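K.L.:
Protein chains: 2
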Amino acid sequence: MSVDETIRDMALAAKQAAKVVSVLSTDKKNQALERVAQKLLEETDTIKGENERDLAHARETGLSDAMVDRLTVTDGVIASMANSLRDVIALPDPVGGVTGMWLRPNGLQVGRVRIPLGVIGMIYEARPNATIDAAGLCLKAGNAVILRGGSEALHSNAILARIIQQALGETGIPEGAAQVVPVTDRAAVKALLLQEDCMDLIIPRGGEGLIRFVVENSKIPVLKHYKGVCHVYVDQTTDLKMAEEISYNAKVQRPGVCNAMETLLVHEASAEAFLPKMASRFKAAGVELRGCPRTCELVPEAKQATEADWPEEYLDLILAVKVVSSMEEAVEHIANYGSAHTEAIVTSDYNQARRFLKEVDASVVLVNASTRFNDGGELGLGAEIGISTSKLHAYGPMALEELTTTKFIVFGDGQIRT
Amino acid sequence: MSVDETIRDMALAAKQAAKVVSVLSTDKKNQALERVAQKLLEETDTIKGENERDLAHARETGLSDAMVDRLTVTDGVIASMANSLRDVIALPDPVGGVTGMWLRPNGLQVGRVRIPLGVIGMIYEARPNATIDAAGLCLKAGNAVILRGGSEALHSNAILARIIQQALGETGIPEGAAQVVPVTDRAAVKALLLQEDCMDLIIPRGGEGLIRFVVENSKIPVLKHYKGVCHVYVDQTTDLKMAEEISYNAKVQRPGVCNAMETLLVHEASAEAFLPKMASRFKAAGVELRGCPRTCELVPEAKQATEADWPEEYLDLILAVKVVSSMEEAVEHIANYGSAHTEAIVTSDYNQARRFLKEVDASVVLVNASTRFNDGGELGLGAEIGISTSKLHAYGPMALEELTTTKFIVFGDGQIRT
Numbered sequence: 015m016s017v018d019e020t021i022r023d024m025a026l027a028a029k030q031a032a033k034v035v036s037v038l039s040t041d042k043k044n045q046a047l048e049r050v051a052q053k054l055l056e057e058t059d060t061i062k063g064e065n066e067r068d069l070a071h072a073r074e075t076g077l078s079d080a081m082v083d084r085l086t087v088t089d090g091v092i093a094s095m096a097n098s099l100r101d102v103i104a105l106p107d108p109v110g111g112v113t114g115m116w117l118r119p120n121g122l123q124v125g126r127v128r129i130p131l132g133v134i135g136m137i138y139e140a141r142p143n144a145t146i147d148a149a150g151l152c153l154k155a156g157n158a159v160i161l162r163g164g165s166e167a168l169h170s171n172a173i174l175a176r177i178i179q180q181a182l183g184e185t186g187i188p189e190g191a192a193q194v195v196p197v198t199d200r201a202a203v204k205a206l207l208l209q210e211d212c213m214d215l216i217i218p219r220g221g222e223g224l225i226r227f228v229v230e231n232s233k234i235p236v237l238k239h240y241k242g243v244c245h246v247y248v249d250q251t252t253d254l255k256m257a258e259e260i261s262y263n264a265k266v267q268r269p270g271v272c273n274a275m276e277t278l279l280v281h282e283a284s285a286e287a288f289l290p291k292m293a294s295r296f297k298a299a300g301v302e303l304r305g306c307p308r309t310c311e312l313v314p315e316a317k318q319a320t321e322a323d324w325p326e327e328y329l330d331l332i333l334a335v336k337v338v339s340s341m342e343e344a345v346e347h348i349a350n351y352g353s354a355h356t357e358a359i360v361t362s363d364y365n366q367a368r369r370f371l372k373e374v375d376a377s378v379v380l381v382n383a384s385t386r387f388n389d390g391g392e393l394g395l396g397a398e399i400g401i402s403t404s405k406l407h408a409y410g411p412m413a414l415e416e417l418t419t420t421k422f423i424v425f426g427d428g429q430i431r432t
Numbered sequence: 015m016s017v018d019e020t021i022r023d024m025a026l027a028a029k030q031a032a033k034v035v036s037v038l039s040t041d042k043k044n045q046a047l048e049r050v051a052q053k054l055l056e057e058t059d060t061i062k063g064e065n066e067r068d069l070a071h072a073r074e075t076g077l078s079d080a081m082v083d084r085l086t087v088t089d090g091v092i093a094s095m096a097n098s099l100r101d102v103i104a105l106p107d108p109v110g111g112v113t114g115m116w117l118r119p120n121g122l123q124v125g126r127v128r129i130p131l132g133v134i135g136m137i138y139e140a141r142p143n144a145t146i147d148a149a150g151l152c153l154k155a156g157n158a159v160i161l162r163g164g165s166e167a168l169h170s171n172a173i174l175a176r177i178i179q180q181a182l183g184e185t186g187i188p189e190g191a192a193q194v195v196p197v198t199d200r201a202a203v204k205a206l207l208l209q210e211d212c213m214d215l216i217i218p219r220g221g222e223g224l225i226r227f228v229v230e231n232s233k234i235p236v237l238k239h240y241k242g243v244c245h246v247y248v249d250q251t252t253d254l255k256m257a258e259e260i261s262y263n264a265k266v267q268r269p270g271v272c273n274a275m276e277t278l279l280v281h282e283a284s285a286e287a288f289l290p291k292m293a294s295r296f297k298a299a300g301v302e303l304r305g306c307p308r309t310c311e312l313v314p315e316a317k318q319a320t321e322a323d324w325p326e327e328y329l330d331l332i333l334a335v336k337v338v339s340s341m342e343e344a345v346e347h348i349a350n351y352g353s354a355h356t357e358a359i360v361t362s363d364y365n366q367a368r369r370f371l372k373e374v375d376a377s378v379v380l381v382n383a384s385t386r387f388n389d390g391g392e393l394g395l396g397a398e399i400g401i402s403t404s405k406l407h408a409y410g411p412m413a414l415e416e417l418t419t420t421k422f423i424v425f426g427d428g429q430i431r432t
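Sequence order for the protein chains is L and F. Residues are numbered in my numbering as their position in the first sequence, beginning at 1, plus a constant of 14. Residues are numbered in my numbering as their position in the second sequence, beginning at 1, plus a constant of 14.
This is how it looks when you write it as structure tokens:
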């Protein structure tokens with residue numbers, strides 16, 4: 015069977031299964047997820063064995079240590095997959111929730127009720143846990159899902175797919191409800207992106223190249239972010255110790271992720287008291303600084319930043335630093351170079367906080383907190399299937415609610431329109 | 015200047031203006047809309063004069079009477095444009111509304127606040143009122159808008175554009191906030207659909223051909239419906255008089271619109287008592303019936319329906335009729351041939367009503383009411399800029415809320431992630 019035929023069959027099976035999954039009871043969905051969790055724990059050795067095949071191939075092909083690390087499935091990783099499924103089980107089922115209901119003058123009762131989106135395609139790289147997390151969230155929200163992981167995780171994803179499908183089968187749910195694409199080349203992705211009559215949403219997660227490829231080739235709506243060029247702005251009137259802790263956390267705690275800070279903006283009135291001390295702390299953590307002229311005056315060891323540094327997502331222990339003469343300049347810089355992902359201000363000034371929250375256009379805007387909190391779990395959504403920096407449908411972290419839509423329901427007593 | 019350059023300049027101006035409009039006070043926005051309403055009434059004669067040029071051209075080129083009718087701007091039409099602006103003024107401003115706020119265990123206060131989408135492109139045909147309605151709704155929701163009407167309404171739209179822009183100027187709002195494309199060929203539409211760095215949403219309204227052209231060529235998210243193949247299902251246990259009134263209203267009250275009924279489904283147990291009587295009423299209204307074999311037995315004057323009738327959107331006094339043996343068959347028929355637009359059941363059975371509401375996938379599902387109620391105004395949204403049958407972002411009539419999105423705002427006291 016050709017790749018195109020394989021994908022077409024999967025899409026049709028998903029569309030069929032979506033009808034069944036959309037009206038399943040919460041109990042039934044939770045039962046299936048619990049069965050997946052149990053099987054993951056029961057089959058730990060098999061999973062690790064298959065993962066070892068991927069790891070061997072990764073070492074042969076010289077994958078970076080960071081990538082191998084993300085790919086590695088240990089007992090702990092499997093336990094955390096099972097735990098995150100149980101977290102999803104514990105979350106309220108969004109399907110069927112009425113988000114509003116009102117009475118019209120003619121007696122019609124009109125409401126909006128949450129329904130699943132239908133069939134979701136998830137395209138991602140490396141980490142095998144994504145397979146379990148995405149399947150769990152999509153199913154809980156009543157959707158069917160087609161998962162297409164990276165070639166690096168081929169065997170790991172195949173065994174996880176088998177486990178999910180067996181669990182579905184044992185619970186009496188069609189296996190089309192959660193499928194893993196068994197082909198990992200771009201042709202399979204391209205074929206998937208053309209199934210617009212069967213699929214309702216595509217979520218790509220990975221490098222900017224993969225995401226651009228998906229956006230360019232998709233006939234199906236895509237929710238995504240290209241990158242996270244996140245800023246922390248240290249205001250004029252501010253608690254400098256708090257600014258230091260937040261900046262340090264935003265850059266250093268996990269530099270390789272999308273909500274890490276990439277550029278630090280500092281009000282000129284705070285620069286002298288703040289930057290040298292901050293810089294020595296960054297230096298101790300191995301962070302390379304690339305500064306504007308004023309920064310380089312205050313921090314002699316900083317390299318000179320070029321225009322290319324401002325829109326850059328380093329995903330590494332590198333930080334661009336700019337001294338600004340006002341919050342307006344900071345907001346303007348963010349508008350020009352930011353990616354509408356995560357933006358934070360550190361300030362003690364009530365009016366500045368209000369203005370920053372209002373004027374900065376980003377999916378998450380924070381006052382006096384680290385950018386690292388742009389995460390579904392951290393913000394209290396219970397989980398996350400990705401972060402959107404597009405404004406349609408979802409802006410920010412996407413969880414169960416974002417995997418649903420609402421339809422209007424109308425209760426009448428014979429009303430007609432005059 | 016080439017078409018591409020003209021459109022590019024408009025898109026850039028809109029993006030600039032959107033920043034200003036997004037943070038305008040409600041009063042300021044209402045002031046501008048009121049100024050447009052006043053100017054419409056003041057310049058009634060000029061508007062009618064320009065409209066007359068379009069009408070003369072329409073008569074020369076032999077536009078259909080229905081189209082000429084939609085194009086004609088009378089004193090009454092102008093008054094209703096002004097009134098609908100005042101209706102929008104009276105609606106609550108969605109921008110800044112907090113849709114939820116909660117406290118995290120670490121003390122972070124997290125909320126979601128409504129913000130404008132940014133720049134909206136509206137592509138539509140014929141009716142000049144759409145120019146005013148769309149501009150009013152987009153501006154009230156804090157968005158900039160680029161309007162591209164049909165060539166039939168070239169002069170009418172140009173004068174309306176001048177009025178809107180003068181009103182904006184007089185209120186101190188950048189004219190880029192609401193622009194009308196002065197070129198009406200498809201090249202202008204195509205150029206508009208490529209401005210993805212400046213525009214956030216495209217809403218096409220018109221014939222299926224125009225909408226497919228937009229979807230095929232857009233790099234920008236599109237909200238639309240292709241067509242409305244709406245059904246009324248008359249159940250086994252039902253008030254036949256109510257079924258008759260609803261069916262008649264859904265078909266006859268305004269047959270040329272997307273929420274009119276196109277196919278009537280009747281449970282076999284109700285068919286004999288219902289169909290002949292219903293048919294004679296339809297006959298009196300000039301409705302042509304195209305029936306399944308059982309329908310043709312009961313209604314000898316009905317034509318034989320073919321497979322091509324079931325997915326057809328007649329937009330005319332033609333109705334397809336099918337007798338079904340169960341609600342399941344009706345739901346299945348709707349799933350196969352419907353357009354996810356508007357579906358209604360007429361029933362006295364509680365369980366059937368519950369099941370129909372749950373199992374039918376359409377943007378509006380009604381019990382014992384006419385399909386004609388799928389309309390933003392009728393459902394209580396206050397206005398409408400279009401109806402979406404895509405599930406992402408909006409499903410059903412779109413009003414002010416659907417012209418916004420939400421961003422997360424986070425209030426902290428120095429929280430960092432551990």
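The beta carbon of each residue, even a glycine, is placed where N, CA and C say it ideally should be. Note that the structure is a prediction, hence the values are computed from the model and not measured.
How far does the beta strand (DSSP E) with H71 (chain L) in it reach, from first residue to last?
P.N.:
Segment 58 to 74 is the alpha helix (DSSP H) holding H71 (chain L); no beta strand (DSSP E) there.
K.L.:
Here's a check: name, in chain order, each residue in its chain whose Cβ is nearer than 7 Å to the Cβ of L47 (chain F), leaving out the five neighbours to either side.
P.N.:
Excluding sequence neighbours, L47 (chain F) sits near L99, V102, I103, G150, L153, K154.
K.L.:
Where does G410 (chain F) fall in DSSP's three states?
P.N.:
Strand, per DSSP.
K.L.:
Tell me the rounded alpha-carbon separation between G90 (chain L) and L54 (chain L).
P.N.:
So the two alpha carbons sit approximately 12 Å from each other.
K.L.:
Tell me, please, whether the CB atom of E259 (chain L) is closer than 9 Å to any CB atom in chain F?
P.N.:
Closer than 9 Å: yes.
K.L.:
Spatial neighbours of V337 (chain F) within its chain, please: CB distance less than 7 Å, with the 5 preceding and 5 following residues excluded, ordered by chain position.
P.N.:
Within the same chain, V337 (chain F) has close Cβ partners V280, E282, A285, C306, R308, T309.
K.L.:
Please decide whether M95 (chain F) counts as near chain L, where near means a Cβ-Cβ distance under 9 Å.
P.N.:
Closer than 9 Å: no.
K.L.:
List the whole-angstrom C-beta distance separating E327 (chain F) from K241 (chain F), where the pair is believed to meet the contact cut-off of C-beta under 8 Å.
P.N.:
Their Cβ separation, rounded to whole angstroms, is 4 Å, which keeps E327 (chain F) and K241 (chain F) in contact under 8 Å.
K.L.:
Let's test the definition: count the other Cβ atoms within 10 Å of the Cβ of K265 (chain F) and tell me whether it reaches 16, buried, or not, exposed.
P.N.:
Buried is the call here.
K.L.:
Which residues in the same chain as T60 (chain F) place their Cβ atom closer than 8 Å to its Cβ, once the five residues preceding and following it in sequence are excluded?
P.N.:
Once the five neighbours on either side are set aside, the close Cβ partners of T60 (chain F) are I173.
K.L.:
Here's the rule: buried if 16 or more other CB atoms are within 10 angstroms of the residue's CB, otherwise exposed. What is M15 (chain L)?
P.N.:
M15 (chain L) comes out exposed.
K.L.:
Count Cβ pairs between the segment 133 to 148 of chain L and the segment 160 to 176 of chain L that sit closer than 8 Å; are there 3 or more?
P.N.:
The segment 133 to 148 of chain L, when compared against the segment 160 to 176 of chain L, does touch it at the 8 Å Cβ threshold.
K.L.:
Which residue comes first and which comes last in the beta strand (DSSP E) that contains D427 (chain F)?
P.N.:
Unbroken beta strand (DSSP E) run through D427 (chain F): 418 to 429.
K.L.:
Output needed in chain order: residues of the segment 406 to 430 of chain F with a Cβ under 7 Å from some Cβ in chain L.
P.N.:
Cβ contacts with chain L come from L406, H407, Y409, G410, T419, T420, K421, F422, I423, V424, F425, G426, D427, G428, Q429, I430.
K.L.:
With distance defined between alpha-carbon atoms, name the residue in F:I348, F:A205, F:P314, F:V345 nearest to V195 (chain F).
P.N.:
The shortest Cα separation from V195 (chain F) among F:I348, F:A205, F:P314, F:V345 belongs to F:A205.
K.L.:
Output the distance between the C-alpha atoms of Q180 (chain L) and S39 (chain L), rounded to the nearest integer angstrom.
P.N.:
Rounded to whole angstroms, Q180 (chain L) to S39 (chain L) spans 19 Å at the Cα level.
K.L.:
When the Cα of S402 (chain F) is compared with those of L:I399, L:S402, L:H407, L:I401, which residue comes out closest?
P.N.:
That would be L:H407, whose Cα lies nearest to the Cα of S402 (chain F).
K.L.:
Is the segment 26 to 36 of chain L touching the segment 121 to 132 of chain L in the sense that three or more CB pairs, one from each, lie closer than 8 Å?
P.N.:
Touching, yes.
K.L.:
In this structure, how does DSSP classify G183 (chain L) when only helix, strand and coil are distinguished?
P.N.:
Three-state result, G183 (chain L): helix.
K.L.:
Check the Cβ of A383 (chain F) against every Cβ in chain L and list those closer than 7 Å, keeping chain order.
P.N.:
Going along chain L in sequence order, the residues near A383 (chain F) (Cβ under 7 Å) are L122, V424, G426, Q429.
K.L.:
Distance check for K29 (chain F) and L85 (chain F), CA to CA, integer angstroms please.
P.N.:
Those two C-alpha atoms are separated by around 30 Å.
K.L.:
Please report whether the beta-carbon of M256 (chain F) lies at a distance below 9 Å from any beta-carbon of chain L.
P.N.:
At least one chain L Cβ lies under 9 Å of M256 (chain F).
K.L.:
What does DSSP give as the partner residues of Q318 (chain F) in its beta bridges?
P.N.:
Q318 (chain F) is bridged to F:G305.
K.L.:
Name the chain F residues that come within less than 8 Å of D107 (chain L), Cβ to Cβ?
P.N.:
Neighbours of D107 (chain L) on chain F: none; closest Cβ ~14 Å, over 8 Å.
K.L.:
Identify, in the order they occur along the chain, each residue of the same chain with its Cβ nearer than 6 Å to the Cβ of M115 (chain L), setting aside the five sequence neighbours on each side.
P.N.:
Correct list, in chain order: G125.
K.L.:
Can you pull out the residues from the segment 344 to 373 of chain F whose beta carbon lies closer than 7 Å to at least one beta carbon of chain L?
P.N.:
Listed by position along the chain: L371, K372, E373.
K.L.:
Taking the beta strand (DSSP E) that C212 (chain L) belongs to, which residues open and close that run?
P.N.:
No beta strand (DSSP E) holds C212 (chain L); DSSP gives it neither H nor E.
K.L.:
Shorter than 9 Å from the beta carbon of S98 (chain F) to some beta carbon of chain L?
P.N.:
Closer than 9 Å: no.
K.L.:
Please check if any C-beta of chain L sits within less than 9 Å of the C-beta of F227 (chain F).
P.N.:
So no, F227 (chain F) is outside the interface.
K.L.:
From this set, F:L208, F:A299, F:R226, which residue's C-alpha is nearest D23 (chain F)'s C-alpha?
P.N.:
Out of F:L208, F:A299, F:R226, F:L208 has the C-alpha closest to the C-alpha of D23 (chain F).
K.L.:
Would you mind working out which of F:H245, F:L417, F:M292 sits nearest T356 (chain F), comparing C-alpha positions?
P.N.:
Of the candidates F:H245, F:L417, F:M292, the one whose C-alpha sits nearest the C-alpha of T356 (chain F) is F:H245.
K.L.:
Going along the chain, which residues of the segment 26 to 45 of chain F sit with their C-beta nearer than 9 Å to a C-beta in chain L?
P.N.:
Answer in chain order: K33, S36, V37.
K.L.:
Along the chain, where does the alpha helix (DSSP H) that runs through I92 (chain F) open and close?
P.N.:
Start and end: 89 to 104.
K.L.:
Would you mind working out which of L:N65, L:T420, L:G135, L:E64 sits nearest L234 (chain L), comparing C-alpha positions?
P.N.:
A small correction: the amino acid at residue 234 (chain L) is Ile; Leu does not occupy that position in the sequence shown. The option with the nearest alpha carbon to I234 (chain L) is L:G135.
K.L.:
So L371 (chain L) and I423 (chain F) are in contact, right, with Cβ under 8 Å, and what is the actual spacing, rounded?
P.N.:
About 5 Å; that satisfies the 8 Å criterion.
K.L.:
Along the segment 259 to 288 of chain L, where does the CB come closer than 7 Å to a CB of chain F? Name the residues.
P.N.:
Residues E259, I260, N263, Q267.
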